[in-house]
Amino acid sequence: MTLTAHGWWGTDMERTRPNLKTYGYMTYEAAIGLQTNPNDSSAYAQRFGYPMFNFGFSLARMENFKFIDQTKLPNLYSLYGSFERSLLRRKHISLGYLLDFGVTYNPDKYDPVNNPGNNWLSSPVMAYFGAGAFIKFHIGKRWEIGADAMFRHYSNGRLTLPNEALNALGGGIFARYRISDYDYKDYLGKPRLKADYKRGMQYMIVLGGGVHTCMAEWNAKVETEKDPAQKSKIKLKAHPKFSISLDAMYRYSLRYASGISLDVFYSSNMKELEASDRIVYGDEEVDKSPGYSPISIGIALVHEVYWHNFAVHVAVGAYPYRHKGVNGEAAKELGDRERGWHYEKAGLRYYFPKLGDTFLGFAIKSHSIKAEYLEFSVGVRI
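Mapping of the sequence shown onto our numbering: residues 422 to 803, in sequence order.
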């Protein structure tokens with residue numbers, strides 16, 4: 422078991438907010454870690470190089486951002502889990518990567534009257550994701566010090582708007598204390614346990630669903646509020662979304678499987694989307710658009726990384742068929758990225774071998790790292 426203290430400084434990646442004067446903020450973290458080891462580890466732990474699992478709390482000082490107006494951001498409080506893996510080990514030094522997944526509490530959501538500039542963070546509960554690389558130095562048998570560089574993302578998964586979210590890049594330093602002695606040379610050997618898994622093709626049928634608030638409807642709401650006579654014309658609400666996916670992947674190692682997916686997505690808000698586009702872009706732009714179809718079809722490259730019955734599932738895809746009205750530069754200028762030709766999905770699955778390899782999962786579907794919706798899924802591996 423380990424105890425870690427971490428200080429991290431990040432900066433807003435996009436820098437597109439006109440009222441922002443300074444771009445950096447601090448995050449302070451404390452975590453308890455569990456180190457897998459050669460004496461009691463599984464084949465998974467050996468092939469991942471005896472990773473660490475950390476469970477921590479972080480305070481992100483969003484109050485550090487300074488604005489040219491009266492805008493204020495609240496501090497964010499997160500609980501997270503972290504997977505930390507060394508790719509290169511030597512006696513006194515390690516290099517590797519880490520992944521964070523967590524949930525964030527936002528104590529001061531968007532207020533259109535008292536704090537209209539806080540359009541980044543609009544809901545009390547948000548998702549947190551981090552990914553980065555680290556270097557650490559082993560000092561004796563109980564201490565480590567190190568540094569990392571990370572990408573961090575806070576978002577509500579488009580459960581409500583506004584949700585500009587925050588994408589940050591930065592770096593930090595950390596100190597770690599081990600409860601018991603740690604002899605690093607024990608971790609340098611080759612895996613000894615057999616990799617027991619079923620090699621070959623595997624097929625999945627996946628049903629997914631979630632809710633989504635539409636960026637076009639938000640833009641129409643902003644537009645109509647300029648005219649008191651139309652102020653109540655647009656009512657922002659969450660719309661159901663559904664999907665069905667057929668995955669074909671080849672599992673070529675204990676840890677990895679890769680393949681392709683056919684995705685069919687259903688959106689329930691086409692009438693609202695068209696009405697919003699007519700307000701924002703005008704009838705001429707809408708009439709010459711490809712139209713509004715609730716069905717979209719995507720083809721994606723998919724990859725899964727396994728740890729026992731857990732899997733990290735990622736997909737990068739493109740739409741051979743998708744008609745979502747007005748597209749192009751006009752939509753991009755208003756921050757409406759979800760009408761592009763490509764998409765991403767990233768999430769977790771848990772397989773139940775005793776239930777015929779059925780699984781439950783969740784993922785964030787996004788376009789150019791802007792969330793579209795948080796999808797919950799159930800499926801079966803054939």
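Glycine included, every Cβ here is placed at the ideal spot set by N, Cα and C.
Every value quoted in this text rests on a predicted model; they were computed, and no experiment measured them.
- The C-alpha of residue 710 is placed about 5 angstroms away from the C-alpha of residue 747.
- Taking 8 angstroms as the upper bound for CB-CB distance, residue 799 and residue 778 are not in contact here, some 12 angstroms apart.
- The shortest C-alpha to C-alpha distance from residue 592 to any of 704, 431, 645 and 444 is the one to 431.
- In this chain, the alpha helix (DSSP H) harbouring residue 644 covers 636-645.
- Residue 552 places its beta carbon less than 9 angstroms from that of residue 520.
- In the three-state reduction of the DSSP assignment, residue 661 falls in the strand class, which pools E and B.
- The residues 485, 486 and 487, in chain order, have a CB closer than 8 angstroms to that of residue 443 in the same chain once the five nearest residues on each side in sequence are set aside.
- DSSP places residue 623 inside the beta strand (DSSP E), whose first and last residues are 621-633.
- With respect to the C-alpha of residue 429, the residue from 462, 533, 567 and 696 having the closest C-alpha is 567.
- Straight-line measurement puts the Cα of residue 796 at about 24 angstroms from the Cα of residue 676.
- Exposed is the label assigned to residue 773, since fewer than 16 other Cβ atoms lie within 10 Å of its Cβ.
- Beyond the five residues adjoining it in sequence on each side, residue 599 comes within less than 6 angstroms, by CB distance, of 423 and 563 in the same chain, given in chain order.
- Residue state for residue 700 is assigned as helix, using DSSP reduced to three classes.
- Scanning 704, 686 and 458 for the CA closest to the CA of residue 721 turns up 686.
- DSSP lists 532 as the beta-bridge partner residues of residue 536.
- Put simply, of 660, 644, 712 and 616 the residue whose alpha carbon is nearest the alpha carbon of residue 632 is 660.
- Per DSSP, reduced to three states, the secondary structure at residue 770 is strand.
- For the pair residue 472 and residue 509, the Cα-to-Cα distance works out to about 12 angstroms.
- For residue 465, the enclosing alpha helix (DSSP H) has its first and last residue at 464-468.
- Cβ contact annotation for residue 674 (same chain, cutoff 6 angstroms, sequence separation greater than five): none.
- Taking every protein chain shown into account, the CB of residue 475 has 16 or more other CB atoms within 10 angstroms, so this residue is buried.
- No residue range can be given for residue 438, since it is assigned to no beta strand (DSSP E) and is classified by DSSP as neither H nor E.
- Residue 513 sits away from residue 574, with the two beta carbons spaced by 9 angstroms or more.
- If you look at residue 430, you'll find it in the beta strand (DSSP E) that goes 423-433.
- Listed as beta-bridge partners of residue 678 by DSSP are 672 and 725.
- Around the beta carbon of residue 741, fewer than 16 other beta carbons sit within 10 angstroms, so the residue counts as exposed.
- Beta-bridge annotation (DSSP): residue 475 is paired with 454 and 503.
- Put simply, of 726, 579 and 500 the residue whose alpha carbon is nearest the alpha carbon of residue 680 is 726.
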